[in-house]
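Engineer: Before anything else, here's the structure in question.
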Amino acid sequence: MGRVDGFIELEGVEKVFQVRRRAGLLRRERREVRAVDGIDFRVPRGEMVGYIGPNGAGKSTTIKMLTGILTPSAGRLRVAGIDPSRERTRLARRIGVVFGQRTTLWWDLPLRDSYGLVRRMYRIPDSRYRANLERCVELLDLGALLDVPVRQLSLGQRMRGDIAAALLHDPEVLYLDEPTIGLDVVSKAKVREFLRDVNAEQGTTVLLTTHDLTDIEQLCKRVMVIDHGRLVYDGGLDGLHAVGESERTLVVDLERELPPIDDVPGARPVKVEGPRQWLAFPATRSAAPIVAAVAERYPLVDLSVREPDIEEVIARMYADRSAL
Amino acid sequence: MRLYAAVAVSGFRRYATYRVATAAGVFTNTVFGFIVAYTYIALWNERPHLGGYDRSQALTFVWVSQALLGAASLIGGGFQEELQERIRSGDIAVDLYRPADLQLWWLANDLGRAAFQLLGRGVVPLAVGALAFELTLPTSALTWSFFLMSVFLGILVGFALRYLVGLCAFWMLDGSGLSLLSVLLTMFFSGLTLPLTVFPGALGDVARALPWSAMLQVPVDVLLERRHGAAGLGAALGFQALWAVVLLLAGRGLQAVATRKVVVQGG
Amino acid sequence: MVDATRAYFLIVGMWVRSTMAYRLSFVMMTLGNFAMTGLDFVAVAIMFSHIDALGGFTLPEVALLYGTTSTSFGLADLAFGNMDRVGRRVRDGTMDTLLVRPVPVLVQVAADRFALRRLGRVTQGAVVTAWALLRLDVDWTPVTVLLMPMMLVSGAVIFSAVFVAGAAFQFRANDASEVQNAFTYGGATLLQYPPTVFGTDLVRGVTFVVPLAFVNWLPALRVLGRDDPLGLPGWVDFASPAVALLCAALAGVAWRVGLRGYRSTGS
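Chains as they are written, first to last, in our numbering: chain C, 2 to 325; chain W, 4 to 270; chain A, 22 to 288.
This is how it looks when you write it as C-alpha cells:
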C-alpha cells in the first residue's frame, strides 16, 4: 500500500511492563516501566542494520516484539507483512534468530544432528538443505566440527554452529543478539565475514544488537541507537562517530618502563602502568600508522587495539548534545 | 572458618528470597501430610500398636516427616543439582582453584539452606498437623534440643550422601538418573514411606542400620522419646555421628580422585 | 495436530539419542528405576504383612488401585513429566528460544528432557496391575474388559492435564513448580489407597474439584464390584473418558492463558 520499502516496519510501537514491588511488609507497589516508548523505523529488504544501546535500553524488548515473543502494548509492527505477535509460528518459518549466549544446539549430540532436527522441524527440501549446509560449512569452517558433540566445541565454534542453524531454512530476516560476545579474534572475523556474505548474496535482512563497535563498523551502514525506550539516533555510522567523537585505545607493552609516549602524531597517552601504556586515538583513523610510529621509536614487546565501547560512544553523544 | 560461616549465611539468605517456592513447598508438604495421615490412621486402626507407636505417635511421625522433608532433603533438591551442573559444564575447575575446600564450601552452603528450610518449610506443616490431629509432641525443652541435635546430624548424613551422588557426575555425565535413584532409596530407607520400625525381620534390621535411617527415623524417635536416657540417646546420636564421619570421609576420598581426573584432563 | 505430534516425536528422538550417548548409564538407570519404584509397592506389601485389610480392601484389591494409578501416572510422567521446568526456563530466558520456532511451545516443553527411563514406573505399574488381576476374582464381562484400558488411558490424560495446568501456573509463579507435585505425586499416592481410608470431604474434593477420582477409583471400584463411598449413580463409573477430555480442554485453555500472560509481561 504505497510503503514500498518497509520490510520491517514499526509505527509508534510501545511496550509497557507492570512491575510490582514490595513496599513494606504487605503492601505492594505497582509501577509502569516503559521499556519501549514509541519507536518508529523502517528497514528495507536486504539491509543490514545495527541496533545498539546501553543495557536495559529496550533493545531486547524490541527484538522480542519483532520475533513475536512479546506482544506490543501499542503501535503497529510488521515483518514481511506479518504481524509477529498474531502469527508467531508462521513468521518463525521466515526468520532466523541467534541469541548470543543461549545455544539452541544439542549439547550431547554431534553438531550434524542439530541441523537434522532443524531440517525436519522447518521441513526444508533436501536439495535446499544440502546446498545451505554446504555453504555454511564452507564459509563458517564447520567441516571438521560436524561430527563432534556440541559440548566439546569452544564458544566460538558453538556460535558459528548456532548461526548456521539459524540460516538453514533460508530466513528472510536474521536477528542476531550479541553474535560476537566472548569470541576470540579469529572467530569474530569469521562470523563477520560470513554475515556480510549472507547479506550480500542471499539478500537476507539482518538486524543485530552488539556491544562491539567493530561489528557495526565492519557490517552495518546504518545504525539505530535506542535509549530509555526511544530511538535517539538513526543514520550512518560516521554520523554517530562524528557526534560521539569516539576514540580507540592502543595498549602497548614496552620492554621497560618509559616516560609517556607523547611524540606519536594523532595519539595521546592516557595511562601508564609500569611498562604498559595506553594511547588514545580517534576511532575514525586507522591504527596502522600509529602502530608503525610506536614500533619505530620504542622497544615494543606486544600491543593490542581496544575498540571504543558502544556505551562510551553513546555517553559521549549525550554529553555533546547537552553541550550544544 | 569465617569464610564458611559467610557461605552458610548466604545459603540461608538465598533460600529466604525464594518466597513463592517456600510457600509452594509448604502447601505440598501439608497436602502430603493429610494423605499419609489418613492412610496411617487406617493402618493403626487395624493394628493399634504397630511398630511400637500408638496412633498419635504414628501421626506425629507423619507430620514431623513432612516438616523435615525440605531441611533433610528427603526428596532431593538443594546443592546437588547445582554441583552436577557445574561438573557437567566444566565450571567445577574454577571451584577447585578457589582457596576454599570444595566439600566444606558446599557443606556450609547446604547447612545454610537447611537452616532456612527447617524454619520456612518445617513450622507451618507441623503446626497444621498439630491442629488437625492429635499429635504426641514432647513438653520437655531438653527433648526438643536433643531432637534438634539429631536433626543436625541427620542433615550432615544427608549432605554427605548427596555429595557422593553429586560427584558421580564426574563419571556419569547424566547425573539426573542417579539423583532420582538416590531419592527413591532415601524415601524408602529413611522411613518417609513407612516407619522403619514397621519393617519386618531382617529387612527391618538392615534398614535401621543403613545411613538413611539417620536422616529421619532416628530424629523422629528422639522426638517421640523412644530413644531416651544417656544410653539410648548416646546410641542414637552416636549412630548418626558415625555415619556422618564415614560418609564425609568417603566424600573427601571421591573428591580427591575426581580432582586428579580434572587436573589430568585439564577440566 | 499431526504436525504437533510429529514435532513432539522429533524432539523426543533427539533426547533419546542424547541419552544413548551414555548408554551404560541409561541401562543402569532404567533398571534401577524399575527396581526402585517397586520399593513403593514393597511398602504397601509391608503394611499388609501386619494386617489383612486396609479400609476394608485386601492386598490384591489395593494392588489393583496401586497398579492402575502407577501406570497412568507413569505414562503422563513419561509424556509430560518435564513440564515443571517451565518456571526455570522463564527465569533463565531460554523460554524465548522456544517461541521463535515454528512448533507449538507446549509440544517443545512437553518433550523437553524426555527420559525413556521413566518407562520403569509404567512397567512396574503394569506388572502390579497384572498381578492384582491374577489374584482377584474379577467378574470378567465385556464391560469390565472395556473398563480396564479405558481407565488407564483416561487416567494418563487426567494426570497429563494436571501437568500442563501446573506448568501454565508457573508462567505466573516461576518458583511454584512444587505446587503441582501436590496434585501429581500427591494424587498418585492418594489413589494407591482405597477411598474408604480418607475422609468423605477429601473424596468429594478429588471427585468434583480436582477430578482425580476418575483416574482409577471410580472405574476400579466397578471392576472390583464395590460401591463408591459417595453413593454416586452407576454411570459415573464410565465417565472417566469424558472427564479426561474436559480436563485436557481446561488445561489447554490454562496453558494458552499462561503463555499469553508471559508474552505480554515477558516475565
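Ideal placement from N, C-alpha and C gives every residue a C-beta, glycine not left out.
All of these numbers come straight from a predicted model, not from anything done at the bench.
#1: Could you tell me how far apart the beta carbons of residue 216 of chain W and residue 193 of chain W are, in whole angstroms, since I believe they sit closer than 8 Å?
#2: Entirely within the region 229-282 of chain A and at least 4 residues each: give me those alpha helix (DSSP H) ranges in chain order.
#3: Is the beta carbon of residue 99 of chain A sitting closer than 8 Å to the one on residue 182 of chain A?
#4: Cβ closer than 7 Å: which chain A residues qualify as neighbours of residue 89 of chain W?
#5: Could you name the residues that DSSP lists as bridge partners for residue 250 of chain C?
#6: Thinking residue 273 of chain C and residue 261 of chain C are a contact (beta carbons under 8 Å), I'd like their distance in whole angstroms, please.
#7: Considering residue 210 of chain C, what are the terminal residues of the alpha helix (DSSP H) in which it resides?
#8: Any idea which residues DSSP pairs residue 225 of chain C with across the strands?
#9: Going along chain A in order, which residues have a C-beta closer than 8 Å to the C-beta of residue 94 of chain C?
#10: According to DSSP, what are the bridge partners of residue 176 of chain C?
#11: Could you tell me how far apart the beta carbons of residue 71 of chain C and residue 284 of chain A are, in whole angstroms, since I believe they sit closer than 8 Å?
#12: Measure the alpha-carbon distance for residue 44 of chain W versus residue 51 of chain W and round it to whole angstroms.
#13: Which whole-angstrom value is the C-beta distance of residue 104 of chain A and residue 192 of chain A, which I expect to be below 8 Å?
#14: Just checking my contact of residue 162 of chain C with residue 146 of chain C at CB under 8 Å: how many whole Å lie between their CB atoms?
#15: Do residue 150 of chain A and residue 92 of chain A count as a contact pair if the criterion is CB distance below 8 Å?
#16: If you compare alpha carbons, which of C/76, C/229, C/106 and C/53 is closest to residue 154 of chain C?
#17: Should residue 14 of chain W go down as buried or exposed, given a rule of 16 or more other Cβ atoms within 10 Å for buried?
#18: Taking only heavy atoms of the ligand HEM into account, decide whether any of them is closer than 7 Å to the Cβ of residue 257 of chain A.
#19: May I have the straight-line CA-CA distance separating residue 257 of chain W from residue 4 of chain W, to the nearest angstrom?
#20: Could you tell me if residue 112 of chain W is buried or exposed, where buried requires 16 or more neighbouring beta carbons within 10 angstroms of its beta carbon?
#21: Here's the rule: buried if 16 or more other CB atoms are within 10 angstroms of the residue's CB, otherwise exposed. What is residue 99 of chain C?
#22: Just the C-alpha distance for residue 46 of chain A and residue 90 of chain A, rounded to the nearest angstrom, thanks.
#23: Quick one: does residue 22 of chain A have its CB under 8 Å from some CB of chain C?
#24: Is the number of C-beta pairs between the region 287-303 of chain C and the region 263-270 of chain C that are closer than 8 Å three or more?
#25: Taking Cβ positions only, does residue 258 of chain A come closer than 8 Å to chain C?
#26: Would the region 203-222 of chain W count as touching the region 137-148 of chain W if we require 3 or more Cβ pairs under 8 Å?
#27: Quick check on the burial criterion: 16 or more other C-beta atoms within 10 angstroms. Buried or exposed for residue 41 of chain A?
#28: How many Å lie between residue 73 of chain W and residue 124 of chain W at the Cα?
#29: If you measure beta-carbon to beta-carbon, which residues of the region 195-219 of chain W are closer than 7 Å to chain A?
#30: Report the CB separation of residue 59 of chain W from residue 137 of chain W in whole angstroms; it is logged as a contact under 8 Å.
#31: So residue 239 of chain W and residue 153 of chain W are supposed to be a Cβ contact under 8 Å. How far apart are they, rounded?
#32: Using 8 Å as the threshold, is the region 39-54 of chain C in touch with the region 196-211 of chain C, meaning 3 or more CB pairs across them?
#33: Looking at residue 42 of chain C: is its Cβ nearer than 8 Å to the Cβ of residue 160 of chain C?
#34: Using the beta-carbon of each residue, which ones in chain W are nearer than 7 Å to residue 219 of chain A?
#35: Alpha carbon to alpha carbon, what distance is there between residue 182 of chain C and residue 196 of chain W?
#36: Where residue 5 of chain C and residue 109 of chain A are concerned, what is the direct C-alpha to C-alpha distance, given to the nearest angstrom?
Structural biologist: By the coordinates alone:
#1: Working through the second sequence from its first residue, we reach residue 216 of chain W at position 213. Working through the second sequence from its first residue, we reach residue 193 of chain W at position 190. Confirmed, Cβ separation roughly 7 Å.
#2: List check, alpha helix (DSSP H) in window: 238-244.
#3: Here residue 99 of chain A is taken as the residue at index 78 of the third sequence, counted from 1. Here residue 182 of chain A is taken as the residue at index 161 of the third sequence, counted from 1. At the C-beta level, residue 99 of chain A and residue 182 of chain A stay beyond 8 Å of one another.
#4: Position 86 of the second sequence, counting from 1, holds the residue named residue 89 of chain W. Within 7 Å Cβ-Cβ: nothing; residue 89 of chain W doesn't reach chain A, min ~15 Å.
#5: Along the first sequence, read from residue 1 onward, the residue named residue 250 of chain C stands at position 249. When DSSP reads this structure, residue 250 of chain C sits in a beta bridge with C/281 and C/307.
#6: The residue you call residue 273 of chain C lines up with position 272 of the first sequence. The residue you call residue 261 of chain C lines up with position 260 of the first sequence. In this structure, residue 273 of chain C and residue 261 of chain C form a Cβ contact; the two beta carbons are roughly 5 Å apart against a cut-off of 8 Å.
#7: What you label residue 210 of chain C is simply residue 209 of the first sequence in a count that begins at 1. It is not in any alpha helix (DSSP H) - residue 210 of chain C instead sits in the beta strand (DSSP E) that spans 206-210.
#8: Translated into positions along the first sequence, residue 225 of chain C becomes position 224. Beta-bridge annotation (DSSP): residue 225 of chain C is paired with C/52 and C/235.
#9: Within the first sequence, the letter at position 93 stands for residue 94 of chain C. Listed along chain A, the residues sitting closer than 8 Å to residue 94 of chain C by beta-carbon distance are 123.
#10: In the first sequence, counting from the first residue as 1, residue 176 of chain C sits at position 175. Residue pairing of residue 176 of chain C in beta bridges, as defined by DSSP: C/98 and C/208.
#11: Taking the first residue of the first sequence as position 1, residue 71 of chain C is located at position 70. Taking the first residue of the third sequence as position 1, residue 284 of chain A is located at position 263. By a beta-carbon distance limit of 8 Å, residue 71 of chain C contacts residue 284 of chain A. Their separation comes to about 6 Å.
#12: Along the second sequence, one-based indexing puts residue 44 of chain W at 41. Along the second sequence, one-based indexing puts residue 51 of chain W at 48. Linking residue 44 of chain W to residue 51 of chain W through their CA atoms gives a straight-line distance of about 9 Å.
#13: As a first step, residue 104 of chain A is located in the third sequence; it is residue number 83 there, counting from the start. As a first step, residue 192 of chain A is located in the third sequence; it is residue number 171 there, counting from the start. With a Cβ gap of about 11 Å, residue 104 of chain A and residue 192 of chain A do not count as contacting.
#14: Within the first sequence, numbered from 1, the residue matching residue 162 of chain C stands at position 161. Within the first sequence, numbered from 1, the residue matching residue 146 of chain C stands at position 145. Indeed, because the Cβ distance is near 7 Å, the residues count as touching under 8 Å.
#15: Here residue 92 of chain A refers to the residue found at position 71 when the third sequence is read from its first residue. Here residue 150 of chain A refers to the residue found at position 129 when the third sequence is read from its first residue. Less than 8 Å separates the beta-carbon of residue 92 of chain A from that of residue 150 of chain A.
#16: The residue you call residue 154 of chain C lines up with position 153 of the first sequence. Of the listed residues, the one whose Cα sits closest to residue 154 of chain C is C/106.
#17: For the purposes of this step, residue 14 of chain W is taken as the residue at position 11 of the second sequence. So residue 14 of chain W ends up on the buried side.
#18: Looking at this structure, you won't find the ligand HEM or any other ligand, since it has none at all.
#19: The residue given as residue 257 of chain W occupies position 254 in the second sequence. The residue given as residue 4 of chain W occupies position 1 in the second sequence. When only Cα atoms are considered, residue 257 of chain W and residue 4 of chain W end up about 23 Å apart.
#20: Walking along the second sequence from the start, residue 112 of chain W turns up at place 109. Counting other Cβ atoms within 10 Å of its Cβ, residue 112 of chain W reaches 16 or more and is therefore classed as buried.
#21: Locating residue 99 of chain C in the first sequence gives position 98, counting from the first residue. Burial call: buried.
#22: Working through the third sequence from its first residue, we reach residue 46 of chain A at position 25. Working through the third sequence from its first residue, we reach residue 90 of chain A at position 69. Residue 46 of chain A and residue 90 of chain A: Cα-Cα distance of roughly 28 Å.
#23: Reading the third sequence from its first residue, position 1 is the one you call residue 22 of chain A. The Cβ of residue 22 of chain A sits no closer than 8 Å to any Cβ of chain C.
#24: Contact annotation: the region 287-303 of chain C touches the region 263-270 of chain C, with at least three C-beta pairs closer than 8 Å.
#25: As a first step, residue 258 of chain A must be located in the third sequence, where it is residue number 237. Not closer than 8 Å to any Cβ of chain C, the Cβ of residue 258 of chain A fails to qualify, so no.
#26: Contact between the region 203-222 of chain W and the region 137-148 of chain W is absent, because fewer than three Cβ pairs lie under 8 Å.
#27: Within the third sequence, numbered from 1, the residue matching residue 41 of chain A stands at position 20. When all chains shown are included, residue 41 of chain A counts as exposed.
#28: Taking the second sequence and counting its residues from 1, the one referred to as residue 73 of chain W is at position 70. Taking the second sequence and counting its residues from 1, the one referred to as residue 124 of chain W is at position 121. Taking the straight line from one Cα to the other gives about 6 Å.
#29: Within the region 195-219 of chain W, 196, 197, 201, 202 and 203 place their CB atoms closer than 7 Å to a CB of chain A, listed in sequence order.
#30: By 1-based counting over the second sequence, the position of residue 59 of chain W is 56. By 1-based counting over the second sequence, the position of residue 137 of chain W is 134. Contact annotation, residue 59 of chain W with residue 137 of chain W: C-beta distance approximately 5 Å; criterion of less than 8 Å satisfied.
#31: Locating residue 239 of chain W in the second sequence gives position 236, counting from the first residue. Locating residue 153 of chain W in the second sequence gives position 150, counting from the first residue. That pair is a contact at about 7 Å.
#32: Segments in contact, yes.
#33: Position 41 of the first sequence, counted from the first residue, corresponds to residue 42 of chain C. Position 159 of the first sequence, counted from the first residue, corresponds to residue 160 of chain C. Not closer than 8 Å, so no.
#34: Numbered from its first residue, the third sequence carries residue 219 of chain A at position 198. For residue 219 of chain A, the chain W residues whose C-beta falls within less than 7 Å of its own C-beta are 41, listed in chain order.
#35: For the purposes of this step, residue 196 of chain W is taken as the residue at position 193 of the second sequence. For the purposes of this step, residue 182 of chain C is taken as the residue at position 181 of the first sequence. The C-alpha of residue 182 of chain C is placed about 50 Å away from the C-alpha of residue 196 of chain W.
#36: As a position in the first sequence, residue 5 of chain C is number 4, starting the count at 1. As a position in the third sequence, residue 109 of chain A is number 88, starting the count at 1. Confidence in residue 5 of chain C is poor, its pLDDT being 48 and thus under 50, which makes the residue's placement unreliable; the coordinate value appears in the next sentence. Spanning the alpha carbons of residue 5 of chain C and residue 109 of chain A requires a straight line of approximately 43 Å.
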